[in-house]
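Asks:
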Amino acid sequence: MSVLTVVCESHARDAVCRLFTQAGARGWTLHAVEGMGGQGERPGDIAEYANIRMETILGREAALQLLEELHQRLFDRFAMVAWISQVEVVRAQKFAGPASG
Amino acid sequence: MSVLTVVCESHARDAVCRLFTQAGARGWTLHAVEGMGGQGERPGDIAEYANIRMETILGREAALQLLEELHQRLFDRFAMVAWISQVEVVRAQKFAGPASG
Amino acid sequence: MSVLTVVCESHARDAVCRLFTQAGARGWTLHAVEGMGGQGERPGDIAEYANIRMETILGREAALQLLEELHQRLFDRFAMVAWISQVEVVRAQKFAGPASG
Amino acid sequence: MFTDVVSALEFNLLSPPILFFALGVVATLVRSDLKFPEPLYAGLTIYLLAAIGFKGGVALSKAGLGQVWLPALGAVAVSALIPVWSFLVLRVKFARVDAAAIAAHYGSVSAVTFLAAVNFVESRGVPQQGFMAALLALMEAPAIICALCLARSGGPAGEFSWKHQAHEALTGRGVLLLIGGLVVGLLAGERGWKACEGFFGQPFQGVLALFLLEMGLVASRRFGDLRKAGWFLILFAVLAPLLHGVLGVFLGHALGLRGGDLTLFATLCASASYIAAPAAVRVSLPEANPAFYLTAVLAVTFPFNLTFGLPLYHALAGWWQGA
Amino acid sequence: MFTDVVSALEFNLLSPPILFFALGVVATLVRSDLKFPEPLYAGLTIYLLAAIGFKGGVALSKAGLGQVWLPALGAVAVSALIPVWSFLVLRVKFARVDAAAIAAHYGSVSAVTFLAAVNFVESRGVPQQGFMAALLALMEAPAIICALCLARSGGPAGEFSWKHQAHEALTGRGVLLLIGGLVVGLLAGERGWKACEGFFGQPFQGVLALFLLEMGLVASRRFGDLRKAGWFLILFAVLAPLLHGVLGVFLGHALGLRGGDLTLFATLCASASYIAAPAAVRVSLPEANPAFYLTAVLAVTFPFNLTFGLPLYHALAGWWQGA
Amino acid sequence: MFTDVVSALEFNLLSPPILFFALGVVATLVRSDLKFPEPLYAGLTIYLLAAIGFKGGVALSKAGLGQVWLPALGAVAVSALIPVWSFLVLRVKFARVDAAAIAAHYGSVSAVTFLAAVNFVESRGVPQQGFMAALLALMEAPAIICALCLARSGGPAGEFSWKHQAHEALTGRGVLLLIGGLVVGLLAGERGWKACEGFFGQPFQGVLALFLLEMGLVASRRFGDLRKAGWFLILFAVLAPLLHGVLGVFLGHALGLRGGDLTLFATLCASASYIAAPAAVRVSLPEANPAFYLTAVLAVTFPFNLTFGLPLYHALAGWWQGA
Ligand SMILES: Nc1ncnc2c1ncn2[C@@H]1O[C@H](COP(=O)(O)O)[C@@H](O)[C@H]1O
Ligand SMILES: Nc1ncnc2c1ncn2[C@@H]1O[C@H](COP(=O)(O)O)[C@@H](O)[C@H]1O
Ligand SMILES: Nc1ncnc2c1ncn2[C@@H]1O[C@H](COP(=O)(O)O)[C@@H](O)[C@H]1O
Ligand code: NA
Ligand code: NA
Ligand code: NA
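Going down the list, the protein sequences come from chains L, W, P, H, E and B.
First residue of the first sequence: 1, per our numbering; consecutive thereafter.
First residue of the second sequence: 1, per our numbering; consecutive thereafter.
First residue of the third sequence: 1, per our numbering; consecutive thereafter.
First residue of the fourth sequence: 1, per our numbering; consecutive thereafter.
First residue of the fifth sequence: 1, per our numbering; consecutive thereafter.
First residue of the sixth sequence: 1, per our numbering; consecutive thereafter.
1) Could you tell me whether any non-hydrogen atom of ligand 2 is closer than 7 Å to the CB of Ile57 (chain L)?
2) What residue does the beta strand (DSSP E) around Trp81 (chain P) start on, and which one ends it?
3) Tell me whether the beta-carbon of Val68 (chain B) lies closer than 8 Å to the beta-carbon of Ala134 (chain B).
4) Kindly list the residues whose CB is nearer than 7 Å to the CB of Tyr257 (chain E), restricted to its own chain and excluding five residues on each side of it in sequence; keep chain order.
5) Cβ-heavy atom distance between Val281 (chain E) and ligand 5 below 7 Å?
6) Is Gly248 (chain B) buried or exposed, if buried means 16 or more other CB atoms sit within 10 Å of its CB?
7) Per DSSP, His31 (chain P) forms a beta bridge with which residues?
8) Is Glu88 (chain P) close to chain C? Criterion is C-beta to C-beta, closer than 8 Å.
9) Determine whether the Cβ of Ala157 (chain B) lies closer than 8 Å to any Cβ atom of chain P.
10) Go to Arg91 (chain W), then tell me how far its beta strand (DSSP E) extends in each direction, as first and last residue.
11) Return helix, strand or coil for Arg42 (chain W), following the three-state DSSP convention.
12) When you check each C-beta in the stretch 28-58 of chain E against every C-beta of chain B, which residues fall closer than 8 Å?
13) Please confirm if the stretch 56-64 of chain H is in contact with the stretch 63-76 of chain W, defined as three or more CB-CB distances below 8 Å between the two stretches.
14) In the DSSP output, which residue or residues are listed as bridge partners for Gly37 (chain L)?
15) From the DSSP output, in three-state form, read off Leu14 (chain E) for me.
16) Helix, strand or coil for Glu168 (chain B)? Go by DSSP, reduced to three states.
17) Would you call Arg91 (chain L) buried or exposed, if buried means 16 or more other Cβ atoms sit within 10 Å of its Cβ?
18) Between which two residues does the alpha helix (DSSP H) harbouring Val7 (chain W) extend?
19) Would you kindly work out how many angstroms separate the C-alpha atoms of Val83 (chain H) and His167 (chain H), rounded to a whole number?
20) Who are the neighbours of Val3 (chain P) on chain L, taking C-beta pairs under 9 Å?
21) State yes or no: is the C-beta of Tyr313 (chain H) nearer than 7 Å to some heavy atom of ligand 4?
22) How about the stretch 33-44 of chain H and the stretch 23-42 of chain E: do they share at least three Cβ pairs that are nearer than 8 Å?
23) Starting from Asn119 (chain B) and walking both ways along the alpha helix (DSSP H), at which residues does that stretch end?
24) Cα separation between Leu48 (chain B) and Leu115 (chain B)?
25) Can you check DSSP and say which residues form a bridge with Leu58 (chain L)?
26) Against Gly206 (chain E), what residues of chain B qualify as contacts under a CB-to-CB distance less than 7 Å, listed in chain order?
27) In chain order, what residues of the stretch 214-239 of chain B put their CB closer than 8 Å to some CB of chain P?
28) Under 7 Å: does the beta carbon of Tyr106 (chain B) sit that close to some heavy atom of ligand 8?
29) Would you check if the stretch 228-238 of chain E and the stretch 50-59 of chain E touch, i.e. whether three or more CB-CB distances between them fall below 8 Å?
30) Please work out which residues of its chain come closer than 6 Å, Cβ to Cβ, to Phe326 (chain H), disregarding the five sequence neighbours upstream and downstream, and give them in chain order.
31) Strictly below 8 Å CB to CB, what residues from chain E border Ser324 (chain H)?
32) With a threshold of 8 Å between beta carbons, is Arg282 (chain E) in contact with chain L?
33) I want to know whether the stretch 23-36 of chain L touches the stretch 22-41 of chain P - three or more CB-CB distances under 8 Å.
34) To be precise: take each residue of the stretch 6-17 of chain B, compare its Cβ to all Cβ atoms of chain H, and keep it if any distance is under 8 Å. Which residues remain?
35) Got a sec, what are the start and stop residues for the alpha helix (DSSP H) Ala279 (chain H) sits in?
36) Indicate the three-state DSSP secondary structure (helix, strand or coil) for Arg91 (chain B) in the structure shown.
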């Protein structure tokens, strides 16, 4: 399995979650972070101006495709970085493919 | 070395830490997170109803066994996901096996 | 690419960021965490006594060298652990080498 | 008595805390992005519990400790007994663990409901002796322990340790702030209260109002699970507090409580825990379904007590004392 | 009128909120590590918006709703029109999307500037009817929607959904707290206010002062981008609020507003949004450069209004009413 | 003088702030899960420092600046000298870096101890001029710089940069809030204070009480390290503040301080830093063992000053002025 991690400005949250869902992610985890990057420092004292860090576990294929989607559709619009790591889980079926009900 | 990451409801904290210790982990890092999963959204405005994210570095064997323990003993009882990633460290002995003193 | 993760006492922040910059990192992400380790529990209710968790994406070579630098120069001085994971990104050039402008 | 009920109801429903609670409910219903950050919730909780304990302690330093022990005993007893009949009734529809889990919540108490009751009683100018905060602290644990025993009577169920439960019952942050605040108030007395009134006294009702805004958000997020809970549970979640409130009035009166104290005692009996009980149940009865107990307590009983229950118990207490 | 301006300026610049704002600016300039944690910012915002709404509602419960509709209509109209001419002027130097994005911010309103104005008017003892908080809520959205239309008139630009914008306009946390507070105040009335005055009333000005310390930090962090913004934009960021403030005085007077209400209306017109508008623009006009609109609004217009604008509009309003 | 000491002690030990501090200690001892979230701690700190600075500034606006410079000079001198003899004494048992690190803490000052002293003096109705908050800000840095020099006199030890230390000394968040608050208070004067009294004044003592609850938690977590610290250090941690408090009374009196100001000056001398000094020492003397300096300061000196030291210094100051 893979974990896709996204660090982005908090305004991008809804857009990212929508892509997560479309990619078949059945869950995610997120929290507020401070950041430093090409667009300068983001100290995070105002939620609207801060960054969030989101993680979702999903299959490798789905993760790669989701990263590509993020790249195509959101990287230009929002301050954002994303990466994929390979991980091991038990109950892989919990994270596999779109929820069937 | 491996990093085992657990995202779980905060009520599971003590139980998870106990398993960490039993598995020989000599330290861990944790913080509060929001989450979305099979049991719905967990917005995290009340600590008791929120999720935490815990990480512990330990040897690969110990990590796999710990994941199995978590699976056997806690996955049914608490809202929880966990995964293992391979990482590189210096001072590997700091994280290896139960503390000797 | 690699992600280098550092968990350390908050007093180390400036020193770590300086090493990040020297290693060519063009950005990083950080947040406050609680921790447990060789130096006991760090409950994190006072920022000055708490831990932070920092992540930076950079090339594998740079990451390994940075980890070594951290080891040589900061591991003895501060409560700190660090690890490297292999990750996949798009736009690898965003994270590669010192900023040219 | 009817006009008393109506007047108390109107007074309560138009008070800022209840109106802010309603605002929180509306915010969820219209899917607003309003959210309280966790540290704000924690800070408000610490403030409210410390304040109510402190205030109670100061009152106690004037009233003397002699009158507390009888009501305290009654409080512990009623809190341990409520789960028994609740369990029996709930067994009609629910599995053993679920019935026990729900029963634990109704025997235990809700600090926020109590805070709203104190506020209501004070705003109406009804005299009270002030030691009821001590009962709030005492009534949290017995019900939980009793209900866990009921669940285990049917075989081993999850982790359970007397030592752990007793430790929680005495040192959990809620109990500690309450009892600690009481002792601080007892020792600091009137002089201490004067010094801190500008923080623990004057802003109190306003802070409670803001806090209930958050509680409105929290409670209404559970509305979606009402269907899963089913009619039997929803009915139980309305009738149980009513019954326990009435019982509280009679019992409290028999134990010598009068005036505002009687209303507060009835409210304690009627209220259902949503912090201490879920925590204990999650750990000790993990098989119990949170969709049942949390929904009953948060989506039905808590709002019911806050809006309608409170003035009802108050009117009944007034009528019974007058009778 | 000159002495009025000087006295109002002096009064404003030496008031604790403005001095704390200046302290925040200084802290950034000397590169201090002073920082407000996010939950503190969120908590202060929730408090301030709920308090101003509540207070407004109580005032409204006395004044009656009849007088609101005409100023409300005027407020919506002016908020929708400001972006039009702003857009035309900004097009001289900026691309379509950037011009529209900046225009959206100047048509919309800043709650904190409004809070400072309420505080100023109250400290000076000028009577006000108290329903202006309602206008603050109404003036947030129209400008944003209008400016997004202007941007899209040049072709497809990012995501845009009427449904989404309307939902935001009605349920965004700022609007919800304001309107919700107003309704709570209306229903709770004078009795409710008395009960909560120790929290929503007495500490208000001090809380605002502390909050402006944080806003000083936030605004001054943008000073570094002033060079990127360029002279044209900086000039715009000073002249636009001035123009809109003057316009607000004349229009507000024509709509029947008097006393403190007129100052508040002018300030609303002059103020520029830095929470609602950036959020909408980030999502719907992602190509627009934040270095332009955020810098103009935060580094120039917000401080200008807070320090010089406010007393100017007030003096002008006084003079125009006297004339 | 004995009855003075007893009465001051009793007054202090039964005041809400000290009782809440004790509650925090108890909470740790019984292993309660009570915890303050970090943003709450940060918020309380910002409030307390801004309030004490502001208040001091307002007092200063009445007293005039002329009387400050002599005590200020004395304060800087004593803060730079305390580390010298502390270092020499500590060298008996400790390595050079550890001795220097501990010495830095005792020369520097603790804002919270000062806050408790202000509160104590005010509650007892002792008049004070109010500019001592300025000395608090001035006494933070000299000791640290002096101690770092002592440590380095034995060879290179970690990072050290005059520029960095000076920058910290002037812009660290504590100093900035204090000095900033003072200037705001000076400029805003009595009128500004009236406007903000409902926030910075009335709730102050209560907020301090709640904050000391958290400090009780923090201090008592260090109790476990007392054994590692050893008897020599524990003795030092009690005798040093006593000695410095007595010295403070004599010196302050010689510098012309009277009434509450004298008590406050003595407390400043006696207090030991637990925020600024550890931060500097962690960076510049990383080889120094935190188990020594943090335990001495947090687990011994801070509680000692808060409970027994404060009334002692006060009684001594009263007696010396009477003599
Ligand atoms: N190399 C990096 N490693 C880790 N996080 C980064 C990196 N670059 C950027 N970020 C994060 O992504 C956010 C947006 O990046 P940017 O668009 O480059 O400003 C920053 O505020 C950081 O939180
Ligand atoms: N696919 C996933 N990726 C990342 N985090 C997840 C995922 N699924 C669940 N989680 C986290 O685990 C918590 C519990 O999951 P669940 O038991 O599925 O509700 C959620 O609240 C999330 O924080
Ligand atoms: N094995 C570990 N896994 C994850 N985090 C650790 C581990 N050991 C230490 N840490 C983190 O690093 C901090 C400093 O570690 P130490 O210097 O061992 O006290 C701790 O407070 C933890 O947050
Ligand atoms: Na009950
Ligand atoms: Na405007
Ligand atoms: Na000192």
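Here a beta-carbon is modelled for each residue, glycine too, at the ideal position from N, C-alpha and C.
Predicted model, so just to flag it, every value in this text is computed and none were measured.
Replies: Per the coordinate set shown:
1) yes
2) A quick correction: the sequence has Val, not Trp, at residue 81 (chain P). Its beta strand (DSSP E) spans residues 80-86.
3) yes
4) In the sequence under discussion, the amino acid at residue 257 (chain E) is Leu, which differs from the Tyr named in the question. These residues qualify, in order along the chain: Pro71, Phe265.
5) no
6) buried
7) P:Arg53
8) Absent here is chain C; the protein component of the structure consists of chains L, W, P, H, E and B.
9) Since pLDDT at Ala157 (chain B) reaches only 48, below the 50 mark, its modelled position is unreliable, and the value read off the structure follows with that caveat. Output row for Ala157 (chain B): interface = no.
10) No beta strand (DSSP E) holds Arg91 (chain W); DSSP gives it neither H nor E.
11) strand
12) Val30, Arg31, Ser32, Asp33, Leu34, Lys35, Phe36, Pro37, Glu38, Pro39, Leu40, Gly43
13) no
14) L:Gly40
15) coil
16) helix
17) exposed
18) Where Val7 (chain W) is concerned, there is no enclosing alpha helix (DSSP H), although the beta strand (DSSP E) it sits in stretches over 2-9.
19) Going by the sequence as given, residue 83 (chain H) is Pro instead of Val. So the alpha carbons of these two residues sit roughly 21 Å apart.
20) Thr5, Trp83, Ser85
21) no
22) yes
23) 111-123
24) 8 Å
25) L:Ser2
26) Cys196, Gly198, Phe199, Phe200
27) Glu214, Leu217, Val218, Arg221
28) For the structure depicted, ligand 8 is absent and the ligand set comprises only ligand 1, ligand 2, ligand 3, ligand 4, ligand 5 and ligand 6.
29) no
30) The question about residue 326 (chain H) has no answer, for chain H in this structure spans 1 to 323.
31) Outside the displayed span of chain H (1 to 323) sits residue 324 (chain H), for which this structure offers no information.
32) yes
33) yes
34) Leu14, Ser15, Pro16
35) 276-284
36) coil
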